[in-house]
Amino acid sequence: MPSDPSSVSPEPTEPTEHSVNPESSVPSEPAVPSEERGASSGEPSAASGTPVSGTPASSSDGPAATETDPASEGAPAPRKDGEAPSALPEPAEAAGQAEPAEAAGPPMPSYAPSATGGGGGSSASRQPAVWLAGGAFLLALTALVVVVARDGDAEPKVTAGASTAGPSVSPPGLLPAEETPSALPSRSVAPKAPSTARPTRGSVPSEAVSCPAATVKVSNAETLEQALAQAQPGDSIALAAGTYAGNFVAEVSGTEAKPIFLCGGSGAVIDGGDTDDGYAFHLKNAGYWRLVGFTVRNAQKGVMADGVVGSVLQGLTVEQIGDEAIHLRDFSSDNMVRDNTIRTTGLRREKFGEGIYIGTAESNWCTVTDCKTDTSDRNVVMGNHISDTTAESIDIKEGTSDGKVIDNTFDGSKLSGSHNNDSWVDVKGNGWLLEGNTGSHTPMDGFQTHQIVSGWGTGNTFRGNTANVDGPGYGFHLTSEGNKVACDNKANGADEGLTNVDCGS
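This note's numbering puts the first residue of the sequence shown at 4, with every later residue one more than the last.
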């Protein structure tokens, strides 16, 4: 039967690769004056469109002149982008030949002490000192401009939520700055989803289980939800008599040595509230549970087990269900379903009203098991009483192997006969043993096999079963090869007889 696809929460969207953590500081580029960006390549000033003052333009005759520190070499300090050239002579000219005060005047005398050893010379002789003092002032002013330019060239602070257009790029002609890992913007990481790791093989008890003394007692839906969420291996949760309304989920696993028990009497009722929707009780990737004694009713599906191993469903009453009563799927293996009373299913859709359903139909593998064969293997179905189901009492799907169906009782009075729902048991898996079962009332056959997927529906064995058919078909109608019907099986009221194949040991 088709299975409902699981609801999937959208994953948190990761930010753009260059998203910035609001708390992070972005490493800035090396502090450099704007004119140094491109100085080694002779790039033009952004303001003037001409080569930066003091830096020779590149030519085809050779590389650009190497830039030096004006403070240590006495070279002219470069001016800031957009700054007008100084009206004062360049310091480099002061270090060389002095210009005349007037074109026709005599050369300016060099500054020297008075021949008489007195103070400074004439006003003319003091003029170079004044001029040099002005040059020194100009150098100091230029240094201040450089500092301001450095501050102006720092990277802008990135605000929270902003993203950069790309990785930072070092200015032309400069080595990239060393990045400090702790200062790099951190990439947001989606919260880690809860682990879905689960064991693939469990250990099934060979005997009925008994509930230990309670470690947790619950009496209403709220406390039951809390107990399921906080369960630990070895816990024993006791349900007081009463109605627990809602859909309940267990996602914590016990262990083989310390399974988790959920126990109650038949008067403790888990009520899903609507036969058209929901799982009354859902074991979701939770292994080594013991569900014992209570009642499950009034939901689309009664007990759903997804990815469950080593668990026992025992002594439950599952009734008034929209589709199937108990379903083991999604690689649920090594589980025991025993001594349960299952009745009145298919209230929503009669063609999906099975009592116990093992595995997943091939048409739903991509929905339930990521397009893989649902190998829900080695499950044991024993001692159950199944009646008033509108589809098979037990439906065993293709992909499942090596399970057992032993000592169950079926009443097919409500089998519709439509949609191939015309037998108590339909086996489409491989290697199953069906032994000691008794059925009554069926519109066609007692036990059937089918091959839905090539290679499946074979290697199954029927022995010691009693088929009180009271109908037009066979006790055992095997439509695929490689199956065995032992001669100790019995068929009563089957118009076609015991089986359509030769019986054998």
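Glycine residues also receive a C-beta, built at the ideal position from the N, C-alpha and C atoms. No experiment lies behind these values; they were computed from the predicted model shown.
Same chain only: Cβ atoms within 7 Å of residue i, ignoring 5 sequence neighbours per side
i: residue 246; result: 272 and 274
i: residue 224; result: 247, 248 and 249
i: residue 212; result: 293, 295, 315 and 317
i: residue 215; result: 239 and 264
i: residue 351; result: 278, 279, 303, 325 and 326
i: residue 3; result: Nothing about residue 3 can be reported from this structure: the residues present for the chain run from 4 to 508 only.
i: residue 222; result: 243 and 245
i: residue 410; result: 385, 386, 439 and 440
i: residue 281; result: 250, 275, 302 and 303
i: residue 381; result: 336, 337, 405 and 406
i: residue 322; result: 300, 346 and 347
Neighbourhood of residue i by C-beta, 6 Å cutoff - its chain only, sequence neighbours within 5 removed
i: residue 356; result: 348, 349, 392, 393 and 394
i: residue 430; result: 399, 452 and 463
i: residue 308; result: 286, 331 and 335
i: residue 480; result: 448, 451 and 503
i: residue 506; result: 488 and 490
i: residue 343; result: 319 and 387
i: residue 493; result: 469
i: residue 252; result: 285 and 287
i: residue 390; result: 346 and 414
i: residue 419; result: 353 and 393
i: residue 220; result: 241
Neighbour-count burial assignment, residue i, 16 or more Cβ in a 10 Å radius
i: residue 204; result: exposed
i: residue 3; result: Residue 3 cannot be examined here, being either before or after the span of the chain that is shown, 4 to 508.
i: residue 232; result: exposed
i: residue 374; result: exposed
i: residue 443; result: buried
i: residue 495; result: exposed
i: residue 266; result: buried
i: residue 241; result: buried
i: residue 64; result: With a pLDDT of 41 at residue 64, under the threshold of 50, the modelled position of this residue cannot be trusted, and the question is left open.
i: residue 95; result: Low confidence applies here, because residue 95 scores a pLDDT of 41, under 50, leaving its location unreliable; read the following figure in that light. By the neighbour-count rule (16 or more Cβ atoms within 10 Å), residue 95 is not buried but exposed.
i: residue 328; result: buried
i: residue 379; result: buried
Spatial distance of residue i from residue j (CA atoms)
i: residue 491; j: residue 255; result: 44 Å
i: residue 258; j: residue 497; result: 47 Å
i: residue 500; j: residue 467; result: 16 Å
i: residue 414; j: residue 475; result: 17 Å
i: residue 341; j: residue 325; result: 22 Å
i: residue 456; j: residue 354; result: 20 Å
i: residue 277; j: residue 303; result: 7 Å
i: residue 208; j: residue 339; result: 8 Å
i: residue 297; j: residue 396; result: 20 Å
i: residue 235; j: residue 312; result: 16 Å
i: residue 387; j: residue 260; result: 26 Å
i: residue 458; j: residue 402; result: 9 Å
i: residue 416; j: residue 218; result: 43 Å
i: residue 405; j: residue 460; result: 12 Å
i: residue 473; j: residue 230; result: 48 Å
i: residue 284; j: residue 385; result: 21 Å
i: residue 359; j: residue 478; result: 20 Å
i: residue 288; j: residue 483; result: 33 Å
i: residue 441; j: residue 337; result: 24 Å
i: residue 346; j: residue 226; result: 28 Å
i: residue 310; j: residue 291; result: 11 Å
i: residue 270; j: residue 471; result: 33 Å
i: residue 445; j: residue 412; result: 13 Å
i: residue 228; j: residue 486; result: 45 Å
i: residue 408; j: residue 300; result: 24 Å
i: residue 268; j: residue 262; result: 19 Å
i: residue 206; j: residue 237; result: 16 Å
i: residue 383; j: residue 210; result: 12 Å
i: residue 306; j: residue 369; result: 22 Å
Near the ligand GTP: residue i beta-carbon under 7 Å from a heavy atom
i: residue 385; result: Because no ligand of any kind appears in the structure shown, any question about the ligand GTP cannot be addressed here.
Same chain, Cβ closer than 8 Å to residue i, five either side skipped, listed in chain order
i: residue 421; result: 353 and 354
Below-8 Å beta-carbon distance, residue i vs any chain D residue
i: residue 468; result: Although the question refers to chain D, the structure presented lacks it and comprises just one protein chain.
Measuring CB atoms only, is the stretch 451–458 touching the stretch 424–435, in the sense that at least three cross pairs come out at less than 8 Å?
yes
Under 8 Å, with one C-beta from each stretch per pair, do the stretch 364–376 and the stretch 435–446 reach the 3-pair mark?
no
Give, in chain order, every unbroken run of the beta strand (DSSP E) that is at least 3 residues long and sits entirely within the stretch 353–394.
359–361, 383–385 and 388–390
Which runs of the beta strand (DSSP E) spanning at least 3 residues fall entirely within the stretch 442–493, listed in chain order?
450–452, 464–466, 469–474 and 477–481
Please give me, in chain order, every unbroken run of the alpha helix (DSSP H) with length at least 4 that falls completely inside the stretch 307–343.
none
Output the residue ranges of the alpha helix (DSSP H) runs that lie fully inside the stretch 224–276 and measure 4 residues or longer, sorted by chain position.
224–232
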